[in-house]
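The structure appears right after this line, and notes come after that.
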Amino acid sequence: MKRFLPDEAATIAFGQEVLDALPVDLAGWTMLLHGELGAGKSTFARALIRAAGHLGPVPSPTYTLVEPYSLSRGNIYHVDLYRVSDEEELRYLGWNELENGCRIVEWPDRAPGITEQADLALTLTYEGEGRTADLVGLSDRGKALVSRLMPKGPVT
Ligand SMILES: Nc1ncnc2c1ncn2[C@@H]1O[C@H](COP(=O)(O)OP(=O)(O)O)[C@@H](O)[C@H]1O
Ligand SMILES: [Mg+2]
4 MKRFLPDEAA
14 TIAFGQEVLD
24 ALPVDLAGWT
34 MLLHGELGAG
44 KSTFARALIR
54 AAGHLGPVPS
64 PTYTLVEPYS
74 LSRGNIYHVD
84 LYRVSDEEEL
94 RYLGWNELEN
104 GCRIVEWPDR
114 APGITEQADL
124 ALTLTYEGEG
134 RTADLVGLSD
144 RGKALVSRLM
154 PKGPVT
C-alpha cells in the first residue's frame, strides 16, 4: 500500500491512522521502519506513540537502543538498531522481552532475522519535497491491517 505524504503533518496523520488500525491490545506486534536518514521514521514512530496516549517527549533511541512507553493499550517499545551490528547484540538489549509490547524498529536491516517476526514493514522514501510511504503486511494479521487501510487513501 503506497501513500504520498506531502509534508510532516501527513506523516504524523499516517502514524495516527496506523495506530487506529491496530488492535486495542498492541502486545506482540512488530513494525519495521525502513528509510534513509531524515526519511521520517522517527516522525512516524513519534506520531504513533503520541496517538497511543503518550504526552511527553519521544526521544530518539539511537543511544539507548530502546525507549519504552507504558500506555493504556499496552507497552510500546521504540527501538533503533542503527548501532547494532548483528543478531547477537539484539539478545543483549533484551529483544525477546520486548514481545510483551509493540516493537517499532528503526534500521531493522541491522538484524535481518527480525523480519520473520515482524507484522508490518513501512518504507519511507524521499519524493520531491515530500515522502512516499509503502506499507507492507508481513504476517497474516499485518496483511489484513494493510488491506483495511487501503481504501482510505489513494492507491498507486
Ligand atoms: N512527509 C514528509 N514530507 C516532508 N518532510 C517530512 C515528512 N515527514 C517528515 N518530514 C521531515 O523530515 C525529517 C524526518 O526526520 P526523522 O523523522 O528524524 O527521520 P529519520 O528517523 O528517518 O531519520 C523531519 O525534519 C521532518 O519534519
Ligand atoms: Mg530516526
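Here the sequence shown is numbered in this note's numbering, starting from 4 and rising by one per residue. Yeah, the Cβ is synthetic: ideal placement off N, Cα and C, and Gly gets one too. Values in this document were obtained by computation on a predicted structure and should not be read as measured data.
Would you check whether ligand 2 has a heavy atom nearer than 7 Å to the C-beta of residue 11? Set against 7 Å, the gap from the CB of residue 11 to the closest heavy atom of ligand 2 is not smaller.
Would the beta-carbon of residue 146 be found less than 7 Å away from any heavy atom of ligand 2? For residue 146, the shortest separation between its Cβ and any heavy atom of ligand 2 does not lie below 7 Å.
Since I believe residue 74 is in contact with residue 56 (beta carbons under 8 Å), could you give me their beta-carbon distance rounded to a whole number of angstroms? Going by Cβ atoms, the distance from residue 56 to residue 74 rounds to 5 Å, so yes, they are a contact pair.
Terminal residues of the beta strand (DSSP E) in which residue 137 lies: For residue 137, the enclosing beta strand (DSSP E) stretches over residues 133-140.
Compare the beta carbon distance of residue 87 and residue 113 with 8 Å and say whether it is the shorter of the two. Yes; because the gap between Cβ atoms is below 8 Å, this pair is in contact.
For the structure I just gave you, are there three or more beta carbon pairs, one from the region 53-68 and one from the region 30-37, closer than 8 Å? At 8 Å Cβ cutoff, the stretches do not touch.
Is any heavy atom of ligand 1 found at a distance shorter than 7 Å from the C-beta of residue 140? Not one heavy atom of ligand 1 sits closer than 7 Å to the Cβ of residue 140.
Tell me, please, which residues DSSP counts as bridged to residue 99. Paired residues: none, contrary to the question.
Quick one: grab the DSSP three-state call for residue 39. Here residue 39 carries a coil assignment [DSSP, helix/strand/coil].
Put residue 73 into one of helix, strand or coil per three-state DSSP. If DSSP states are grouped into helix, strand and coil, residue 73 belongs with the strands.
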